[in-house]
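Numbers 14 to 407, taken from the numbering used here, label the letters of the sequence shown in order.
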Amino acid sequence: MTARIRRLSRLKLSLLVIPLTVALAVFAACSGDSAPDVSASDVVEHYADGVHHTYVLSLNSAMVMREAIHAFLDNPAPATLEGAKRAWLTARDDYGPTEAYRFYDGPIDNEEDGPEAQLNAWPLDESYVDYVEGNPDSGIINMVDEYPEISAELLIELNEAGGEANVSTGWHAIEFLLWGQDLNPDGPGDRPIEDYTTNANADRRATYLMVVTDLLIDDLQDMVNAWARGSANSYRAEFLNLDTDDALAKIITGIGELSRGELAGERMIVAYEARSQEDEHSCFSDNTVNDIIANARGIQNVWLGDFGALIGPGIVDLVRQEDTELADQLSMEIAASVAYATAIPFPFDAHLIAGLPNSDAGRRAVLTTIESLEDQTDTIVAAAGALGISINVT
Numbered sequence: 014m015t016a017r018i019r020r021l022s023r024l025k026l027s028l029l030v031i032p033l034t035v036a037l038a039v040f041a042a043c044s045g046d047s048a049p050d051v052s053a054s055d056v057v058e059h060y061a062d063g064v065h066h067t068y069v070l071s072l073n074s075a076m077v078m079r080e081a082i083h084a085f086l087d088n089p090a091p092a093t094l095e096g097a098k099r100a101w102l103t104a105r106d107d108y109g110p111t112e113a114y115r116f117y118d119g120p121i122d123n124e125e126d127g128p129e130a131q132l133n134a135w136p137l138d139e140s141y142v143d144y145v146e147g148n149p150d151s152g153i154i155n156m157v158d159e160y161p162e163i164s165a166e167l168l169i170e171l172n173e174a175g176g177e178a179n180v181s182t183g184w185h186a187i188e189f190l191l192w193g194q195d196l197n198p199d200g201p202g203d204r205p206i207e208d209y210t211t212n213a214n215a216d217r218r219a220t221y222l223m224v225v226t227d228l229l230i231d232d233l234q235d236m237v238n239a240w241a242r243g244s245a246n247s248y249r250a251e252f253l254n255l256d257t258d259d260a261l262a263k264i265i266t267g268i269g270e271l272s273r274g275e276l277a278g279e280r281m282i283v284a285y286e287a288r289s290q291e292d293e294h295s296c297f298s299d300n301t302v303n304d305i306i307a308n309a310r311g312i313q314n315v316w317l318g319d320f321g322a323l324i325g326p327g328i329v330d331l332v333r334q335e336d337t338e339l340a341d342q343l344s345m346e347i348a349a350s351v352a353y354a355t356a357i358p359f360p361f362d363a364h365l366i367a368g369l370p371n372s373d374a375g376r377r378a379v380l381t382t383i384e385s386l387e388d389q390t391d392t393i394v395a396a397a398g399a400l401g402i403s404i405n406v407t
């Protein structure tokens with residue numbers, strides 16, 4: 014529990030009413046029996062398969078998004094723009110669970126060449142990319158003299174150059190180019206079609222959107238390759254050659270760090286306390302609640318070994334062999350955090366309005382989810398301990 018949340022008037026989980034069907038799902042998720050004779054190496058190998066499977070899903074839906082963006086740019090119209098937006102939302106939801114594969118210097122976020130900041134950096138300073146309200150000439154797109162050619166090399170070089178908010182690539186750059194600024198407290202941004210037809214620098218804006226989309230797909234393809242079977246030089250091969258305790262430490266660190274430090278902390282507490290729309294994750298499309306749900310489910314996927322179409326042994330099975338009660342407790346806590354996230358009303362920024370009391374139903378739902386994620390992190394650390402593994406998470 015962070016000091017900042019302790020300073021808030023703590024609201025117990027019982028204040029949030031979960032529908033009966035959701036509550037039943039929470040308990041059903043905890044009721045399965047462990048697979049017999051599960052070994053640590055079984056769990057590690059299945060995890061590697063699950064990571065690869067999830068990145069393949071993400072890549073495939075991103076490629077569909079690229080086709081929808083092509084269709085829009087070939088024929089800019091309300092219908093094709095809506096198609097591109099829907100494709101972005103679908104692809105974004107498929108990417109969300111992969112965030113559980115971070116925080117241990119793997120291929121997504123290693124210090125040398127991990128593309129995480131290129132894929133998913135945020136918050137994005139809109140004026141770094143394009144015009145904003147009150148400044149029609151801002152952004153790379155409108156700086157024709159300084160950046161006469163928009164290319165992949167240029168956008169990579171400019172990403173986070175001079176400041177973390179100077180984001181030029183990734184999911185949120187694409188999101189901004191599709192939706193525009195979100196100036197509406199009750200809905201997403203509303204970028205005009207004319208930005209891609211008759212408004213200033215429409216051709217450059219279209220080029221930027223295509224280049225940044227292709228970059229994102231290239232980065233996702235690299236992640237698929239890193240975790241694929243069959244290459245002795247892949248990260249997967251390196252990962253499977255680790256001592257199993259070291260591999261398990263990485264896996265559990267990933268879900269522990271996402272649970273509290275990243276999801277509850279950076280992505281929820283900051284926006285909740287600051288009441289800042291700019292600090293919500295997908296602010297242009299108002300997809301932030303779905304981001305939170307997908308991240309929470311990513312934690313659950315790793316814990317259970319359930320990657321959708323690919324199901325096998327998970328960390329839960331190893332912990333249950335050591336401490337059945339602890340395994341069931343964490344299964345219940347993780348299922349609850351997913352249910353609480355699902356119960357947050359849309360849109361997320363409606364709960365950030367200055368003047369809303371903390372007793373507001375939406376703010377209670379957000380805070381309850383934060384508390385649930387924080388509490389389950391302590392149990393994740395305990396679960397690692399039951400396996401004789403020590404992890405450090407914020």
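C-beta: ideal position from N, C-alpha, C; glycine also.
Exercise for the section: State the DSSP-derived secondary structure class of residue 42, mapped to helix, strand or coil. Expected result: Note that residue 42 scores a pLDDT of 46, beneath 50, so its modelled location is shaky and nothing firm can be said.
Practice task
Within 10 angstroms of the Cβ of residue 381, are there 16 or more other Cβ atoms? Answer buried if so, exposed if not.
Solution key: Classified as buried, residue 381 has 16 or more neighbouring CB atoms from the shown chains inside 10 Å of its CB.
Problem - Buried or exposed (CB count within 10 angstroms, at least 16 for buried), residue 281 - result: Burial call: buried.
Problem - Bridge-paired residues (DSSP) for residue 324 - result: According to DSSP, residue 324 bridges with 319.
Exercise for the section: Identify the continuous alpha helix (DSSP H) that holds residue 203 and give its terminal residues. Expected result: Per DSSP, residue 203 belongs to no alpha helix (DSSP H) and is neither H nor E.
Problem - Given 8 Å, three or more beta-carbon pairs between the region 360 to 367 and the region 282 to 299 - result: yes
Problem - Inter-residue spacing [alpha-carbon to alpha-carbon] between residue 325 and residue 315 - result: Straight-line Cα distance between these residues: approximately 10 Å.
Problem - Cutoff 6 Å; reference residue 303; Cβ partners in own chain excluding five residues on either side - result: 106
Exercise for the section: On a CA-only basis, which of 345, 358, 131 and 336 is nearest residue 231? Give me that one, please. Expected result: Proximity to residue 231 across 345, 358, 131 and 336 peaks at 131, based on C-alpha coordinates.
Problem - Coarse secondary structure for residue 145, derived from DSSP in three states - result: The DSSP-derived three-state label of residue 145 is strand.
Handout entry: Nonlocal neighbours in the same chain, by C-beta distance under 6 Å from residue 192, ignoring five residues either side
Key = 201, 202, 204, 297 and 298
Practice task
Label residue 208 either buried or exposed according to how many other C-beta atoms from any shown protein chain fall within 10 Å of its C-beta, with 16 as the threshold for buried.
Solution key: buried
Problem - CA nearest to the CA of residue 322, picked from 67, 141, 96 and 143 - result: Considering only alpha carbons, the answer is 67.
Handout entry: Alpha-carbon to alpha-carbon, residue 52 and residue 360
Key = The C-alpha of residue 52 is placed about 43 Å away from the C-alpha of residue 360.
Handout entry: Test item: CB-CB of residue 268 and residue 217 under 8 Å
Key = No.
Practice task
Write down the C-beta distance between residue 134 and residue 172 rounded to the nearest angstrom, noting that I regard them as a contact closer than 8 Å.
Solution key: 7 Å
Problem - Beta-carbon spacing of residue 97, residue 121 below 8 Å - result: no
Practice task
Can you give me the Cβ contacts of residue 99 inside the same chain, cut-off strictly under 8 Å, excluding the 5 residues immediately before and after it?
Solution key: Cβ neighbours of residue 99 within its own chain (closer than 8 Å, five residues either side excluded): 81.
Practice task
Whole angstroms is fine: what's the gap from residue 196's alpha carbon to residue 93's?
Solution key: Rounded to the nearest angstrom, the two C-alpha atoms are 22 Å apart.
Exercise for the section: Compare the Cα-Cα distances from residue 262 to each of 95, 164, 393 and 243 and report the closest residue. Expected result: 393
Exercise for the section: Quick one: which unbroken alpha helix (DSSP H) runs of 4-plus residues sit fully inside the region 155 to 229? Chain order, please. Expected result: 165 to 171 and 184 to 192
Exercise for the section: Go to residue 379, then tell me how far its alpha helix (DSSP H) extends in each direction, as first and last residue. Expected result: In the DSSP assignment, residue 379 falls within the alpha helix (DSSP H) that extends over 374 to 399.
Practice task
Have a look at residue 215 and residue 189 and give me their C-alpha separation to the nearest angstrom.
Solution key: Cα to Cα, the separation comes out at about 15 Å.
Handout entry: 4 or more residues per run - each alpha helix (DSSP H) lying fully within the region 88 to 130
Key = 91 to 108
Exercise for the section: Find the nearest neighbour of residue 388 within the set 167, 358 and 271, judged by alpha-carbon distance. Expected result: Closest in alpha carbon position to residue 388, among 167, 358 and 271, is 271.
Exercise for the section: Check whether the region 164 to 179 touches the region 135 to 149, taking contact to mean three or more Cβ pairs, one atom from each stretch, closer than 8 Å. Expected result: yes
Exercise for the section: Given a cut-off of 8 Å, decide if residue 309 and residue 339 are closer than it, judged by their beta-carbon atoms. Expected result: no
Problem - residue 153 - DSSP class collapsed to helix/strand/coil - result: helix
Practice task
Could you say which of 252, 75, 385 and 221 lies nearest to residue 109 if we only look at CA atoms?
Solution key: 75
Practice task
Counting only the same chain and skipping the five closest in sequence on each side, list residues whose C-beta sits under 8 Å from that of residue 329.
Solution key: 47, 316, 317, 318, 340, 343 and 344
Practice task
Rounded to whole angstroms, what's the CA-CA distance from residue 337 to residue 398? Just pull it up for me.
Solution key: So the two alpha carbons sit approximately 14 Å from each other.
Problem - Start and end residues, alpha helix (DSSP H) containing residue 341 - result: 337 to 355
Handout entry: Cβ neighbours of residue 220 in the same chain (closer than 6 Å, five flanking residues each side left out)
Key = 163
Problem - Span separating the alpha-carbon of residue 229 from that of residue 238 - result: 14 Å
Exercise for the section: Write down the C-beta distance between residue 354 and residue 305 rounded to the nearest angstrom, noting that I regard them as a contact closer than 8 Å. Expected result: Cβ-Cβ separation between residue 354 and residue 305: approximately 5 Å, consistent with a contact (criterion under 8 Å).
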